[in-house]
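Asks: Below you'll find the structure I mean.
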Amino acid sequence: MVENMHERPGAPSAGDGLVRLYGPRFQSDPAAIYREIRREHGPVAPVLLEGDVPAWLVLGYREVHHVTSNPQIFGRDSRRWNAWKDIPADWALRPYAEYQPCSVFTEGEEHRRRGGALSDALAAVDQFELRNQVERIADQLIDTFAESGRADLMAQYALRLPVLAIARLFGLSEADAPSLAADIAASADEGEEAVRAHQRVVARMRRLVEEKQARPGADYPSRLLAHPAGLPPEEIPSDLFLTMGAAQLTTADWMGNTLRLMLTDDRFALNLSGGRRSVGQALNEVLWEETPTQNFVGRWVIQDTRLGGRHIRKGEVVVLGLAAANADSQVRPASYAHASGNQAYMSFSHGLHGCPQPAREIAEAIVQTAIEVLVDRLPDIVLAVPAHELEWRPSVWMRGLIALPAEFSPMYADRPAG
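Each residue of the sequence shown is one higher than the one before, starting from 299 at the first, in our numbering.
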């Protein structure tokens with residue numbers, strides 16, 4: 299139940315023995331920590347974010363659904379947070395929690411107006427042309443390592459391909475892609491560099507808007523500038539950052555996590571005949587098991603309420619535990635053998651502020667096409683290290699690998715005789 303008969307006491311506060319959603323233990327096995335929190339506290343739990351900043355973590359599927367379905371109680375405007383006075387200026391999570399004049403932090407009709415413009419601009423992407431572009435990019439990237447017989451599929455493929463595809467959608471040059479990819483990845487990690495990386499990406503988006511105002515083209519920023527909603531040009535850079543950040547990080551990690559599954563699980567043997575048929579199932583299973591966006595901050599409570607037996611006070615922050623909600627036994631598939639069509643996961647969130655459908659379609663087109671090209675080109679690819687040696691990036695929000703070393707038969711390019 300969303301509201302229990304017996305209310306558990308207390309708002310979260312540091313020093314109460316609360317679980318920390320950061321550090322080596324959380325990084326190595328967050329699923330185990332979610333299970334531990336659920337056993338101890340139930341579907342809504344007091345936790346500590348980096349810097350021992352208190353928050354409420356919503357782990358129950360029904361509770362996440364309730365929060366995302368009731369924006370009149372759980373708002374997106376973070377200026378409501380009653381803890382801002384205690385948050386340091388260099389807090390690593392500030393870029394994702396501090397209010398910005400963009401669609402993510404707007405509410406009600408203003409969000410529908412701004413979010414509608416973003417969705418319309420994304421829906422105009424030609425899916426057929428996008429897949430063709432991804433095939434070309436994938437072939438070019440594979441060409442850079444095919445002859446060596448070894449590759450880090452994160453650094454050389456999964457982290458490079460999405461940003462190259464997205465750069466084209468944004469009307470950016472390929473030269474911009476490497477630094478953008480590095481800064482976007484850094485902005486989602488821990489530490490002071492996350493704040494600086496966020497600032498660099500936003501600055502580049504400001505310049506991009508200025509460029510498109512002067513020379514509009516058939517690209518996403520130009521469509522936003524021309525949209526009938528009339529978005530203020532000075533506010534569009536924040537939307538571009540959040541769109542690009544979400545697209546790059548989630549798409550790269552969705553790709554990397556899927557490749558990891560296919561390289562470590564015999565059900566997804568990577569070969570030309572079997573691998574292609576299993577890509578769609580693998581993509582879906584990863585959204586249940588290792589969703590790229592594992593937590594999302596958040597919602598700020600508009601009025602005192604009760605959730606999962608907890609008294610949540612006005613102004614407190616609620617973190618959506620998307621990965622934990624997917625693991626809720628009430629909704630989790632008992633078997634994935636026949637669950638390829640089960641898309642009830644919370645991986646894209648839900649409700650008014652859920653990931654727009656066009657964005658989901660773009661991400662899926664990029665990931666599926668990229669993996670299919672890799673499987674076709676390198677059909678005997680295998681993991682180059684024991685699976686237990688793979689390391690995950692230190693992020694409370696994202697679930698993605700630091701590296702994914704692989705081996706395969708070298709594929710030599712044809713050379714002219716003589």
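Ideal Cβ placement from N, Cα and C applies to all residues, glycine included.
Output the distance between the C-alpha atoms of V577 and V665, rounded to the nearest integer angstrom.
Replies: Their Cα atoms are separated by approximately 9 angstroms.
Asks: Please state if the CB of A419 and the CB of Y320 are separated by a distance shorter than 8 angstroms.
Replies: Result no, Cβ atoms of Y320 and A419 do not sit closer than 8 angstroms.
Asks: Contact between the segment 341-356 and the segment 603-623: three or more CB pairs below 8 angstroms?
Replies: Contact holds: three or more Cβ-Cβ distances are below 8 angstroms.
Asks: Which partner residues of V351 appear in the DSSP bridge assignment?
Replies: Bridge partners of V351: L347.
Asks: Got a sec? Which residues, its chain only, sit under 7 angstroms from R574 by beta carbon, not counting five neighbours each side?
Replies: Residue placement at R574 is flagged as unreliable, the pLDDT there being 45, under the threshold of 50; a coordinate-derived value is accordingly withheld.
Asks: Please work out which residues of its chain come closer than 6 angstroms, Cβ to Cβ, to P460, disregarding the five sequence neighbours upstream and downstream, and give them in chain order.
Replies: Correct list, in chain order: Q546, T549, A550 and I664.
Asks: Where do the ends of the alpha helix (DSSP H) carrying F594 lie?
Replies: Counting along the chain, F594 falls outside any alpha helix (DSSP H), though it belongs to the beta strand (DSSP E) covering F594 to V599.
Asks: Can you tell me where the beta strand (DSSP E) with V402 in it begins and where it stops?
Replies: No beta strand (DSSP E) holds V402; DSSP gives it neither H nor E.
Asks: Could you work out which residue in R597, P530 and T589 is closest to R378 when comparing CA atoms only?
Replies: Checked all of R597, P530 and T589; the closest Cα to R378 is R597.
Asks: By alpha-carbon positions, which one of E705, I600, H364 and Q592 ends up nearest to L650?
Replies: Among E705, I600, H364 and Q592, the Cα nearest to that of L650 is on H364.
Asks: In this structure, how does DSSP classify H525 when only helix, strand and coil are distinguished?
Replies: Coil at H525, not helix or strand.
Asks: Identify, in the order they occur along the chain, each residue of the same chain with its Cβ nearer than 8 angstroms to the Cβ of V683, setting aside the five sequence neighbours on each side.
Replies: Contacts found: P703.
Asks: For V423, tell me which candidate among W382, G469, E408 and Y394 has the shortest Cα-Cα distance.
Replies: Closest option to V423, Cα to Cα, is G469.
Asks: Identify the residues that DSSP records as bridge partners of T603: which are they?
Replies: I610.
Asks: So, for I335: in the same chain, excluding its five sequence neighbours on each side, which residues have a beta-carbon less than 8 angstroms away from its beta-carbon?
Replies: The residues are V317, A343, V345, L355, L357 and A622.
Asks: What did DSSP end up calling P703 once you bin it into helix, strand or coil?
Replies: Note: P703 maps to strand in three-state DSSP.
Asks: Using DSSP with H/G/I as helix, E/B as strand and the rest coil, what is W379?
Replies: Coil, per DSSP.
Asks: Ordered along the chain, which non-local residues of its own chain (more than five positions away) have a Cβ less than 6 angstroms from that of Y397?
Replies: Around Y397: S376, R377 and F403.
Asks: My understanding is that M709 touches E532, with C-beta atoms under 8 angstroms, so please give their C-beta distance in whole angstroms.
Replies: Actually they are not in contact, since the Cβ atoms of M709 and E532 sit about 49 angstroms apart, beyond 8 angstroms.
Asks: Check this for me: beta carbons of G606 and E361, under 8 angstroms apart or not?
Replies: In contact: G606 and E361 (Cβ atoms closer than 8 angstroms).
Asks: Rounded to whole angstroms, how far is the Cβ of A668 from the Cβ of M553, which I believe are closer than 8 angstroms?
Replies: Yes, they are in contact, since the Cβ atoms of A668 and M553 sit about 6 angstroms apart, within 8 angstroms.
Asks: What is the DSSP secondary structure of V671, counted as helix, strand or coil?
Replies: Reduced to three states, the DSSP call for V671 is helix.
Asks: Do you know how far the Cα of R448 is from the Cα of I440?
Replies: Whole-angstrom Cα-Cα distance: 11 angstroms.
Asks: With DSSP as the reference, label V683 as helix, strand or coil.
Replies: Coil, per DSSP.
Asks: Taking Cβ to Cβ, would you say V247 is nearer than 8 angstroms to L467?
Replies: No statement about residue 247 is possible, as the shown extent of the chain runs from 299 to 716 and does not include it.
Asks: Where does V356 fall in DSSP's three states?
Replies: V356: strand per DSSP, three-state reduction.
Asks: Locate the alpha helix (DSSP H) running through R428, then write down its first and last residues.
Replies: Note that residue 428 is Leu in the sequence shown here, rather than Arg. Looking at the DSSP string, the run of the alpha helix (DSSP H) that includes L428 is Q425 to F443.
Asks: What's the call for V599, buried or exposed, on a 16-neighbour Cβ count within 10 Å?
Replies: Buried.
Asks: Assuming E590 contacts R658 under a Cβ cut-off of 8 angstroms, what Cβ separation, rounded to an integer in Å, is found between them?
Replies: Looking at the sequence shown, residue 590 is not Glu but Pro. 12 angstroms between Cβ atoms; not a contact.
Asks: In or out: E588 buried (at least 16 other Cβ within 10 Å) or exposed?
Replies: Classification for E588: buried.
Asks: Would H686 be called buried (16 or more neighbouring beta carbons within 10 Å of its own) or exposed?
Replies: The residue in question, H686, is exposed, as its Cβ has fewer than 16 Cβ neighbours within 10 Å.
Asks: At the level of alpha carbons, what is the spacing between F566 and M560?
Replies: The alpha-carbon atoms of F566 and M560 are separated by roughly 5 angstroms.
Asks: Does DSSP put R502 in a helix, in a strand, or in coil?
Replies: In the structure shown, R502 sits in a helix (DSSP, three-state: H, G or I).
Asks: Short of 6 angstroms in beta carbon distance, which residues of its chain neighbour D563, apart from the five on each side in sequence? Order them along the chain.
Replies: Around D563: no qualifying Cβ.
Asks: Using a Cβ-Cβ cutoff of less than 7 angstroms, which residues in the same chain neighbour A495 once the five nearest sequence positions on both sides are dropped?
Replies: Correct list, in chain order: D481, A484 and S485.
Asks: For P386, which option in G652, Q497 and E490 has the closest C-alpha, if you only look at C-alpha atoms?
Replies: The shortest C-alpha separation from P386 is found at E490.
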